[in-house]
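Those protein sequences? They're chains A and B, same order as listed. Taking our numbering, the leading residue of the first sequence gets 2, the next gets one more, and so forth. Taking our numbering, the leading residue of the second sequence gets 5, the next gets one more, and so forth. Glycine residues also receive a C-beta, built at the ideal position from the N, C-alpha and C atoms. Nothing here was measured: the structure is a model prediction, and the numbers come from that model. Structure first, commentary second.
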Amino acid sequence: DVKVTQSSRYLVKRTGEKVFLECVQDMDHENMFWYRQDPGLGLRLIYFSYDVKMKEKGDIPEGYSVSREKKERFSLILESASTNQTSMYLCASSIDRLVGQFFGPGTRLTVL
Amino acid sequence: GQSLEQPSEVTAVEGAIVQINCTYQTSGFYGLSWYQQHDGGAPTFLSYNALDGLEETGRFSSFLSRSDSYGYLLLQELQMKDSASYFCAVFRPFSGGYNKLIFGAGTRLAVHP
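This is how it looks when you write it as structure tokens:
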């Protein structure tokens, strides 16, 4: 079974802090994704990566950056956290660009 | 523009059949997917329709009609554990030759005894 893990289930940070969210997958998938999920808005794509050291902006990249130094790890970085970044953050991976994505358990981030 | 619309909530009783519809206003997409998410859990992939027609996987079936810009998820013999949110999603071409998933806002299904 594919396993996607995220470093924290719950995280509380203060406005202006730099926040790192880590995601690791163990199935050698090339494709990895970061989403945020907010009530009534579904999942929105922040960034994605189809290869090591490769990254592409999604629909809502502002205020975020990513890093993919190794195939299995995809990190989401909030350079200076703001209260409107309070959300559930979901990482996903897939073996192919057109098949189902496997999601991690999510990190619920609260920015005070 | 691009958007997917699905009902926000659906209720049903155990043992019944329920259909969750998804209509979309987007073109040039590769297929329609469905995901299930229980409260506090991660979305899990249920099905993918690359072509028009019905795909069946156990108690769940998914349907796509590109000409009608419409799809649905059909859940049969409902069980209490089917209470969850269900999201439809389409793959669309994105920048740089890549594809991305666009999700609907989700339908919350409540199954009652």
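{"Asked": "Are the C-beta of B:Thr48 and some C-beta of chain A separated by less than 9 Å?", "Found": "yes"}
{"Asked": "One question on the structure: do A:Ser8 and A:Glu18 come within less than 9 Å of each other, judged by their Cβ atoms?", "Found": "no"}
{"Asked": "Are the C-beta of B:Gly108 and some C-beta of chain A separated by less than 9 Å?", "Found": "yes"}
{"Asked": "Starting from B:Ser37, find everything on chain A with Cβ-Cβ shorter than 7 Å and list it in chain order.", "Found": "Gly101"}
{"Asked": "With a CB to CB cut of under 8 Å and the five nearest residues on each side skipped, what residues in its chain are close to B:Lys104?", "Found": "Phe95, Arg96 and Phe98"}
{"Asked": "Determine the closest residue to B:Asp56 out of B:Ala46, B:His42 and B:Asp72, with distance taken between C-alpha atoms.", "Found": "B:Asp72"}
{"Asked": "Which of the three DSSP states, helix, strand or coil, is assigned to B:Asp86?", "Found": "helix"}
{"Asked": "Within a Cβ cutoff of 8 Å, which residues of the same chain sit near B:Tyr76, ignoring the five residues on either side of it in sequence?", "Found": "Gln23, Ile24, Asn25, Cys26, Ser66 and Phe67"}
{"Asked": "Spatial neighbours of A:Met33 within its chain, please: C-beta separation below 6 Å, excluding the five flanking residues on both sides.", "Found": "Ser50, Phe75 and Ser94"}
{"Asked": "What in chain B is Cβ-close to A:Tyr51, meaning under 8 Å?", "Found": "Tyr102"}
{"Asked": "How would you label B:Asp86, buried or exposed, when you count the other beta carbons within 10 angstroms and need 16 or more for buried?", "Found": "buried"}
{"Asked": "Spatial neighbours of A:Ser66 within its chain, please: CB distance less than 7 Å, with the 5 preceding and 5 following residues excluded, ordered by chain position.", "Found": "Ile78 and Glu80"}
{"Asked": "For a contact meaning CB atoms closer than 9 Å, what does B:Leu82 contact in chain A?", "Found": "Under the 9 Å cutoff, chain A gives no residues; its nearest Cβ is about 23 Å from B:Leu82."}
{"Asked": "Do A:Arg15 and A:Leu110 have their CB atoms nearer than 9 Å?", "Found": "no"}
{"Asked": "Based on Cα-Cα distance, which residue from A:Gln86, A:Val100 and A:Gln102 lies nearest to A:Phe21?", "Found": "A:Gln86"}
{"Asked": "Could you tell me which residues DSSP pairs with B:Arg129 in its beta bridges?", "Found": "An answer regarding residue 129 of chain B cannot be provided, because it is not within the stretch 5 to 117 covered by chain B."}
{"Asked": "Can you confirm whether B:Phe64, when its beta carbon is compared against all beta carbons of chain A, has any partner nearer than 9 Å?", "Found": "no"}
{"Asked": "Please report the distance separating the alpha-carbon of A:Glu57 from that of A:Asp29.", "Found": "19 Å"}
{"Asked": "Which residues in the same chain have their Cβ closer than 8 Å to the Cβ of B:Val17, if we skip the five residues on either side of it in sequence?", "Found": "Leu82, Val115, His116 and Pro117"}
{"Asked": "Taking the straight line between their C-alpha atoms, what separation do you get for A:Ser88 and B:Phe107?", "Found": "16 Å"}
{"Asked": "Under 9 Å between C-beta atoms, does B:Leu113 make it to chain A?", "Found": "no"}
{"Asked": "With A:Gln26 as the anchor, note down where its beta strand (DSSP E) starts and where it stops.", "Found": "Val20 to Gln26"}
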